[in-house]
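J.:
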Amino acid sequence: MTALVPSIDRAFKILECYKGHEHSEFGVSELSRRLELNKSSVHSILHTLSSNRILEKNPQTQKFKLGKGLREFAIIAQGKQDLLGVAKPHLIQLAENSKCTVFLGRFDGSRIKVLEKAEPGDGLNISVSVGQRIPFDAGCLGRVCLAWLEKKQLTKLLQSRSLSDYTPQSITDPGAFRKALSKTRKLGYALDSQEEYLKGVWACSVPVFDASGISAAMTLISFSGRIDQTVTERILEKALQKGNYLSGLLGAKADLED
């Protein structure tokens with residue numbers, strides 16, 4: 002039987018203290034007492050774990066909590082479909098607060114597949130279907146799905162596919178489309194207030210990231226006549242907050258959004 006590496010074994014024993022206490026913070030003294038380890042050993046292990054983002058140190062309390070790095074490993078182990086496990090209640094909440102239909106779409110290499118949706122509980126709304134596949138260049142949804150693609154993949158896509166003129170406002174020039182993608186990446190969202198994809202429809206899209214990159218685009222749609230500049234700003238603020246929150250749940254790295 003292969004011998005255990007003592008320092009690694011102690012590190013895992015420290016992490017096991019967080020089971021059932023995922024939101025708790027533990028200090029050196031408490032962990033030392035729980036595990037019957039000397040404080041210097043516990044301190045060294047905590048420092049190593051926090052340096053690798055497995056734990057995070059609270060500067061106010063000097064105690065440690067579970068870090069984003071650990072969530073990233075969890076997401077990788079579970080796979081990207083974990084998004085669907087956490088998103089639904091947040092989509093419902095956003096749909097009610099914004100009075101828009103909200104859905105998640107993911108680019109599959111050729112088109113954008115609707116993964117999940119939520120609609121407001123009252124009034125007439127625009128509907129989408131889970132499983133529905135939407136063109137890759139569909140307004141703000143397409144821009145968010147493509148803005149974080151690798152350059153080679155984007156170039157191959159635009160060389161093999163033409164951009165469609167769904168409405169007079171559609172972007173059909175590849176150069177202009179690339180500039181729009183660059184703007185989307187810089188802003189962190191895309192807005193379609195000019196009816197680029199469907200006449201009479203207003204939309205905005207924000208990215209949702211996980212540990213490996215963009216996981217999906219979260220899109221809100223409504224009738225253009227219902228949305229003015231003030232409403233646009235309010236909805237966009239809510240969408241960005243929710244997109245950032247979901248990205249955090251999925252263990253997104255901050256530099257993935259740049």
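Quick note on numbering: the sequence shown equals residues 2 to 259 in the numbering used here. Yeah, the Cβ is synthetic: ideal placement off N, Cα and C, and Gly gets one too. All figures in this text were calculated on a predicted structure; none of them were measured in a lab.
Does the Cβ of Ser130 have 16 or more other Cβ atoms within 10 Å, making it buried, or fewer, making it exposed?
T.: exposed
J.: What does the Cβ neighbour count give for Val87, buried or exposed, with the cut at 16 atoms within 10 Å?
T.: exposed
J.: From what residue to what residue does the beta strand (DSSP E) around Phe104 run?
T.: 102 to 108
J.: Please state whether the Cβ-Cβ distance between Leu105 and Glu120 is less than 8 angstroms.
T.: Cβ atoms of Leu105 and Glu120: not closer than 8 angstroms.
J.: By how many angstroms is the C-alpha of Asn39 removed from the C-alpha of Gly244?
T.: 43 angstroms
J.: Could you have a look at Lys81 and say whether DSSP puts it in helix, strand or coil?
T.: Any answer about Lys81 is weak, because its pLDDT of 49 lies below 50 and its placement is not dependable; what the coordinates show is given next. If DSSP states are grouped into helix, strand and coil, Lys81 belongs with coil.
J.: Can you list, in chain order, the residues of its chain whose CB lies under 7 angstroms from that of Ala217, leaving out five sequence neighbours each side?
T.: Leu84, Leu105, Gly106, Arg107, Leu116, Val209
J.: If I follow the unbroken beta strand (DSSP E) through Ile172, where does it start and stop?
T.: Segment: none, Ile172 is in no beta strand (DSSP E) and carries neither H nor E.
J.: Please work out which residues of its chain come closer than 7 angstroms, Cβ to Cβ, to Lys239, disregarding the five sequence neighbours upstream and downstream, and give them in chain order.
T.: Leu95, Asn98, Ser99
J.: Taking Cβ to Cβ, would you say Gly140 is nearer than 8 angstroms to Tyr198?
T.: yes
J.: Alpha carbon to alpha carbon, how far is Gly132 from Lys180? Give it in angstroms, no decimals.
T.: Approximately 30 angstroms between the Cα atoms of the pair.
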